[in-house]
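**Student:**
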Amino acid sequence: MTNASLANQPLLSINNLTVQFDQNPAALKGVNLTLNAGETLALVGESGSGKSVTALATLGLLPANAKVQGSVLLHSSEKNQELIGLNEEGLRRLRGKRIAMIFQEPMTSLNPLHRVAKQINETLRLHQGLTGSSAQQRCLELLAAVQLPNPERIAQAWPHQLSGGQRQRVMIAIALANNPDILLADEPTTALDVTVQQEVLHLLKDLQKQFGMAILLITHDLNLVRKHSDRVAVMHQGLVVETQATAELFANPQADYTQQLLASEPSGLAPAIDPNSQVLLEVNNLRVEFSRPATSILPWKKPAPFVAVANQSLILKQGETLGIVGESGSGKTTLALALLRLLPNAGGIIRMDGTELQSLPQKQLLPWRRKMQLVFQDPYGSLSPRMSVAEIIAEGLKLHQPKLSKQAIEASVCEVLTEVGMETSTRHRYPHEFSGGQRQRIAIARALILKPRLLVLDEPTSALDRSVQAQVIELLRELQLKHQLTYLFISHDLQVIKALSHRILVLKDGKQIETASREQLFKYPVSEYTQQLLKASE
Numbered sequence: 001m002t003n004a005s006l007a008n009q010p011l012l013s014i015n016n017l018t019v020q021f022d023q024n025p026a027a028l029k030g031v032n033l034t035l036n037a038g039e040t041l042a043l044v045g046e047s048g049s050g051k052s053v054t055a056l057a058t059l060g061l062l063p064a065n066a067k068v069q070g071s072v073l074l075h076s077s078e079k080n081q082e083l084i085g086l087n088e089e090g091l092r093r094l095r096g097k098r099i100a101m102i103f104q105e106p107m108t109s110l111n112p113l114h115r116v117a118k119q120i121n122e123t124l125r126l127h128q129g130l131t132g133s134s135a136q137q138r139c140l141e142l143l144a145a146v147q148l149p150n151p152e153r154i155a156q157a158w159p160h161q162l163s164g165g166q167r168q169r170v171m172i173a174i175a176l177a178n179n180p181d182i183l184l185a186d187e188p189t190t191a192l193d194v195t196v197q198q199e200v201l202h203l204l205k206d207l208q209k210q211f212g213m214a215i216l217l218i219t220h221d222l223n224l225v226r227k228h229s230d231r232v233a234v235m236h237q238g239l240v241v242e243t244q245a246t247a248e249l250f251a252n253p254q255a256d257y258t259q260q261l262l263a264s265e266p267s268g269l270a271p272a273i274d275p276n277s278q279v280l281l282e283v284n285n286l287r288v289e290f291s292r293p294a295t296s297i298l299p300w301k302k303p304a305p306f307v308a309v310a311n312q313s314l315i316l317k318q319g320e321t322l323g324i325v326g327e328s329g330s331g332k333t334t335l336a337l338a339l340l341r342l343l344p345n346a347g348g349i350i351r352m353d354g355t356e357l358q359s360l361p362q363k364q365l366l367p368w369r370r371k372m373q374l375v376f377q378d379p380y381g382s383l384s385p386r387m388s389v390a391e392i393i394a395e396g397l398k399l400h401q402p403k404l405s406k407q408a409i410e411a412s413v414c415e416v417l418t419e420v421g422m423e424t425s426t427r428h429r430y431p432h433e434f435s436g437g438q439r440q441r442i443a444i445a446r447a448l449i450l451k452p453r454l455l456v457l458d459e460p461t462s463a464l465d466r467s468v469q470a471q472v473i474e475l476l477r478e479l480q481l482k483h484q485l486t487y488l489f490i491s492h493d494l495q496v497i498k499a500l501s502h503r504i505l506v507l508k509d510g511k512q513i514e515t516a517s518r519e520q521l522f523k524y525p526v527s528e529y530t531q532q533l534l535k536a537s538e
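Read in order, the letters of the sequence shown correspond to residues 1 to 538 in the UniProt record's numbering.
1) If I follow the unbroken beta strand (DSSP E) through LEU217, where does it start and stop?
2) Quick one: Cα of VAL389 to Cα of ILE442, how far?
3) For PRO10, report the span of its alpha helix (DSSP H) as first-last.
4) How close, in whole Å, do the beta carbons of LEU215 and LYS332 come, if the pair is a contact with beta carbons under 8 Å?
5) Would you mind working out which of SER425, GLY347, LEU534 sits nearest VAL307, comparing C-alpha positions?
6) In the DSSP assignment, what are the bridge partners of GLU282?
7) Count the other C-beta atoms from every protein chain shown that fall within 10 angstroms of the C-beta of GLN248, then say buried if there are 16 or more, exposed otherwise.
8) Within this structure, are the beta carbons of LEU217 and THR40 separated by less than 7 Å?
9) How many angstroms separate the CA atom of ASN178 from the CA atom of PRO10?
10) Give me, in chain order, the residues of the same chain whose beta-carbon lies closer than 6 Å to that of LEU224; leave out the 5 immediate sequence neighbours on both sides.
11) Counting only the same chain and skipping the five closest in sequence on each side, list residues whose C-beta sits under 7 Å from that of ALA157.
12) How would you call ASP274, buried or exposed, if buried means at least 16 neighbouring beta carbons within 10 angstroms?
13) Output needed for PHE21: all residues of its chain with C-beta closer than 7 Å, excluding positions within five of it in sequence on either side, in chain order.
14) Taking only the alpha-carbon atoms, compute the straight-line gap between GLU242 and ASP256 and give it to the nearest angstrom.
15) What residue ranges within the stretch 343-420 form continuous beta strand (DSSP E) runs of no fewer than 3 residues, ordered along the chain?
16) What residue from ILE393, GLU327, GLN407 has the CA that sits closest to LYS511's CA?
17) Would you call the stretch 74-87 in contact with the stretch 265-272, where contact means no fewer than 3 C-beta pairs closer than 8 Å?
18) Are the Cβ atoms of SER52 and GLY437 separated by less than 7 Å?
19) Using CA coordinates, which residue listed in ILE449, LEU479, GLN364, GLN373 is at the minimum distance from GLU391?
20) Can you list the alpha helix (DSSP H) stretches of 4 or more residues lying completely in the stretch 432-462, in chain order?
21) Output the boundary residues of the alpha helix (DSSP H) element that contains ARG138.
22) Sort GLU289, LEU201, ALA251 by Cα distance to HIS228 and report the nearest one.
23) Is there contact between the stretch 424-431 and the stretch 346-360, where contact requires at least three CB pairs shorter than 8 Å?
24) I need the straight-line Cα distance from LEU61 to HIS502, nearest angstrom please.
25) Excluding the 5 residues flanking THR355 on each side, which residues of the same chain have their C-beta closer than 8 Å to its C-beta?
26) If we ignore side chains and look at the alpha-carbon of each, how far apart do ALA522 and LEU339 end up?
27) Which residues bound the beta strand (DSSP E) around ALA66?
28) Just to confirm before moving on: does the CB-CB distance between VAL283 and SER313 stay below 7 Å?
29) When we look at the beta-carbon of PHE103 and count the other beta-carbons within 10 Å, is it buried (16 or more) or exposed?
30) Could you tell me which of LEU162, GLN198, GLN520, ARG231 sits nearest to PHE290, measuring between CA atoms?
31) State buried or exposed for TYR524, treating a residue as buried only when at least 16 other CB atoms are found within 10 Å of its CB.
32) Does DSSP put HIS127 in a helix, a strand or coil?
33) Along the chain, where does the beta strand (DSSP E) that runs through PHE489 open and close?
34) Which class does ILE473 belong to by DSSP, given the choice of helix, strand or coil?
35) With distances taken from CA atoms, which of GLU419, PRO188, ALA394 is nearest GLU105?
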């Protein structure tokens, strides 16, 4: 009897699950969930509500200081198996085969020392015994199935050579490699643009129909929940406060918290620009090329370089926000890094306050670094786990103002923490002690302490749930108005772009497809590609 024939029967039952870390308050306070064969159960709630802890507890992946009580039953036609208390060997046999997981942060989940093919082939060898050409063929099939272009090239790439969206799709390929019965998907489309989100989730739905696979979909994107889930469980402060069929929950939410969550979609407009505002940044014919390795067929012939950004030109005024959208690998982040003079292989003209930056040597560029700061997509990966919050935020200040006293530095750290909505007492803690939204506030504080004029924000809200997204967007608006900051805002989330941008630039394959004001682009998109992006985000 296969799991496909167990449709609508429980595959996983979580009963009274409680998790506590050391002597801290309980992270889970008696969670009860049932996951049926062939269904998608969406688990939603704000950062710190216990969504990821629930998934990690199911697979026995919590750290050693976690005290776990309750029951997690894995059902089959033969017998039910209790996962809480199961030894490591028993769990290892289940992980990746019967239950697979897609993690939220692919850069920290993929091994940086191994190529993509080796990491996919490892799970094929462990659970199916596939090696050699059989494993390689299956690897290429999986990469193609998750919509990665040129699977042969991706298979031989290192994780750092891929974009955030491409790395996430590799993680999905690894999770699907052994056709698991249950897929725990922790923000599986966070780093993907809206069109690829739809493709990946349709792929998961097709596999679901084929194998009777159950999906626990952890996400903050309520549009995805509405379109791609059968039931929704809402978590708040370690408890499941409401569980309903998807259509019923959106039509008639019962819990107060659920009503607040559904009302937290990004909204509002960017602060008005001063009509007398001066041009801060001017870019002409910016081009970024990467050399390609010689092929084994023609090792003596040097291939043409890969053009990541093709002759981009743009103007940014003081206090303006330019939103940049486009699919993964379109060149959004490469463009931003080139603007900040962080790529050696970029050509073109970059002027800030009338000064040409592209020709400046590194020593002369240092004062301009203070004026141009970057907030990364992955706050956990960009914050050193060995440094306290105070050390992280003060690091740039010590570099640019080495004569400042310890008292002045600490006062600046406290001031900027307050400005981003954090308690000053948190400066003595470490990044792992914070939720995703709190870590992103710390990352913003690190950039803000240098009093920059240009802030490049690379997917700063992509890993955050909707309620925290709204808070961060409002924070960015307040900071822009207060300090007349100029933002270069990169995102695949068009609702966030709409809420924060004055103008929008659409990129595809490193080329500018369309640029227009926010109102113009959303009402009258010119290019077919932009129209597809807008349709996919509805």
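In this text, a Cβ means the ideal position worked out from N, Cα and C, and glycines have one as well.
**Tutor:** Considering the structure as presented:
1) It spans 214-218 - the beta strand (DSSP E) in which LEU217 sits, taken as one unbroken run.
2) 7 Å
3) Where PRO10 is concerned, there is no enclosing alpha helix (DSSP H), although the beta strand (DSSP E) it sits in stretches over 10-21.
4) In the sequence as presented, Leu is not what sits at residue 215; that position holds Ile. Rounded to whole angstroms, the Cβ separation of ILE215 and LYS332 is 29 Å, and the two are not in contact under 8 Å.
5) Answer by Cα proximity: GLY347.
6) ILE315, ARG351
7) The sequence given here places Glu at residue 248; Gln does not occur at that position. By the neighbour-count rule (16 or more Cβ atoms within 10 Å), GLU248 is not buried but exposed.
8) yes
9) Answer to the nearest angstrom: the Cα atoms are 21 Å apart.
10) The answer is none, since no qualifying residue turns up.
11) Once the five neighbours on either side are set aside, the close Cβ partners of ALA157 are ARG115, VAL116.
12) exposed
13) ALA27, ASN65, ALA66
14) Cα to Cα, GLU242 sits roughly 10 Å from ASP256.
15) Counting only runs of 3 or more, we get 346-352, 372-375.
16) GLU327
17) no
18) no
19) ILE449
20) 436-448
21) 132-145
22) Comparing Cα-Cα distances from HIS228 to each of GLU289, LEU201, ALA251, the minimum goes to LEU201.
23) no
24) 43 Å
25) TRP368
26) The sequence shown places Phe at residue 522, rather than the Ala named in the question. Those two C-alpha atoms are separated by around 26 Å.
27) Boundaries of the beta strand (DSSP E) harbouring ALA66: 66-74, taken from the DSSP string.
28) A contact, by the Cβ cut-off of 7 Å.
29) PHE103 is buried by the Cβ-count criterion.
30) LEU162
31) exposed
32) DSSP, reduced to helix, strand and coil, places HIS127 within a helical segment of the structure shown.
33) 486-490
34) In the structure shown, ILE473 adopts helical secondary structure according to DSSP, grouped into three states.
35) PRO188
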